[in-house]
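Q: Under the working numbering, read the sequence shown as residues 25 to 150, first letter to last.
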Amino acid sequence: MSTPFPPREPLPGDHTQVPAVFDAFGNQIFPPPAPQATPAHHCAVCRCDHSTGRHSREVSRLTPGAAVALGAGGVLVTGVVLVALLLSVAVVAASVAVAALSLAVVAVVLRSLLNSSQDPRHTRRR
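(1) Grab the span of the beta strand (DSSP E) containing residue 49 for me, first residue to last.
(2) So what does DSSP say about residue 105, is it helix, strand or coil?
(3) Can you pull the DSSP bridge partners for residue 45?
(4) What is the rounded straight-line gap between the Cα of residue 134 and the Cα of residue 123?
(5) Put residue 125 into one of helix, strand or coil per three-state DSSP.
(6) So what does DSSP say about residue 112, is it helix, strand or coil?
(7) If you measure between the beta carbons of residue 100 and residue 94, is that distance less than 8 Å?
Right under this line is the structure:
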């Protein structure tokens, strides 16, 4: 006996069973897993574990000694960067001074050469 309605193609809005796809670490990536709400908790979005009273994501806190060490390290790094900047400025200033001095020496030598070639006492007679 045949059915009066033939089987139809699934429509885009139909909910069908899609096989799960996992990444290399075993996390389900497609379709995304539906959030599961526990009866003791009202929020299905946060994934906290209420059996221990802690969230699954650990929050790290700094001890006072670690905070001081972190601050001292930041001051040390800032100081090193500032000293490096000052040294680079000093090196650039020294190179500009050397270039200006060498240009002045070249100008003096050229001026003396031009003045000596125009002086009639230093010309050769044949």
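For glycine and all other residues, C-beta sits at the position ideal for the given N, C-alpha and C.
Everything numeric in this text was worked out from a predicted model, so none of it was measured.
A: Put simply:
(1) Looking at the DSSP string, residue 49 is not in any beta strand (DSSP E), and its letter there is neither H nor E.
(2) In this structure, residue 105 counts as helix in the three-state DSSP scheme.
(3) The partner list for residue 45 (beta bridge, DSSP) reads 54.
(4) Distance between the alpha carbons of residue 134 and residue 123: 16 Å.
(5) If DSSP states are grouped into helix, strand and coil, residue 125 belongs with the helices.
(6) In this structure, DSSP gives residue 112 a helical state, which the three-state scheme calls helix.
(7) For residue 100 and residue 94, no; Cβs fall outside 8 Å.
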